[in-house]
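**Q** Structure in structure tokens, see below.
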Amino acid sequence: MTDVSEAVRVAVAEAVGVELDEVTGDSRLTADLGAESIDLLDMLFRIERSVGAKIQAAELADYIQGGIPDEEFGDAAEVVSERGLTQLKLVMPQIDESALAGRLKADGVMDLFTVDNLLRLVRSRLDMPVG
53 MTDVSEAVRV
63 AVAEAVGVEL
73 DEVTGDSRLT
83 ADLGAESIDL
93 LDMLFRIERS
103 VGAKIQAAEL
113 ADYIQGGIPD
123 EEFGDAAEVV
133 SERGLTQLKL
143 VMPQIDESAL
153 AGRLKADGVM
163 DLFTVDNLLR
173 LVRSRLDMPV
183 G
């Protein structure tokens with residue numbers, strides 16, 4: 053089987069049109085690499101082709117949100133709730149919940165999602181250790 057970590061990095065680099073050495077585990081998909089929603093779909097397709105992990109865009113959103121209903125994930129102003137931040141910390145362990153509390157808007161969540169976060173999702177789909 054292809055090295056999953058390398059396959060994810062290659063998929064990301066090809067989808068956003070950057071050199072492979074620009075894609076590190078800490079690279080944020082949208083904020084650092086400039087990925088847009090169409091690029092995310094392209095990444096997921098490339099990952100499926102290379103390692104067999106089928107992940108739909110809606111599944112990515114569900115994974116990040118952890119099944120928490122929208123009205124509980126954020127408030128009326130679309131600021132991520134404490135419960136939402138706790139969930140985000142599970143899938144994005146690099147975030148600082150206290151720094152984001154009361155400030156993170158729902159539409160800014162993907163700006164925090166890194167290549168390593170995507171790799172964890174892919175490994176979980178392949179029943180591989182995510183750590």
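Heads up: the sequence shown is residues 53 to 183, going by the working numbering. Every residue gets a Cβ at the ideal spot worked out from N, C-alpha and C, and that includes glycine.
Enumerate, from N- to C-terminal direction, the unbroken alpha helix (DSSP H) stretches of 4 or more residues contained entirely within the region 114–147.
**A** Segments of the alpha helix (DSSP H) lying fully in the region 114–147: 122–125 and 134–143.
**Q** Please name the residue or residues paired with Lys-157 in a DSSP beta bridge.
**A** Partner(s): Val-131.
**Q** Between the region 55–63 and the region 164–171, do at least 3 Cβ pairs fall closer than 8 angstroms?
**A** Yes: at least three Cβ pairs fall under 8 angstroms.
**Q** Are Leu-140 and Val-174 closer than 8 angstroms when you measure CB to CB?
**A** Not closer than 8 angstroms, so no.
**Q** Quick one, are the C-beta atoms of Leu-178 and Ala-109 less than 8 angstroms apart?
**A** Not a contact, by the Cβ cut-off of 8 angstroms.
**Q** In whole angstroms, what separates the C-alpha of Ala-153 from that of Gly-126?
**A** Computed Cα separation, rounded: 11 angstroms.
**Q** Per DSSP, Thr-166 is paired with what?
**A** Beta-bridge pairing links Thr-166 to Arg-80.
**Q** Between which two residues does the alpha helix (DSSP H) harbouring Met-95 extend?
**A** First-last of the alpha helix (DSSP H) with Met-95: 89–103.
**Q** In terms of residues, what are the limits of the alpha helix (DSSP H) holding Leu-178?
**A** It is not in any alpha helix (DSSP H) - Leu-178 carries neither H nor E in the DSSP assignment.
**Q** So Glu-66 is in the alpha helix (DSSP H); what residue range does that whole segment cover?
**A** Glu-66 -> alpha helix (DSSP H) spans 56–68.
**Q** Starting from the C-beta of Leu-72, find all residues in its chain whose C-beta is less than 7 angstroms away, skip the five residues before and the five after it, and write them out in chain order.
**A** Hits under 7 angstroms: Arg-61, Val-62 and Ala-65.
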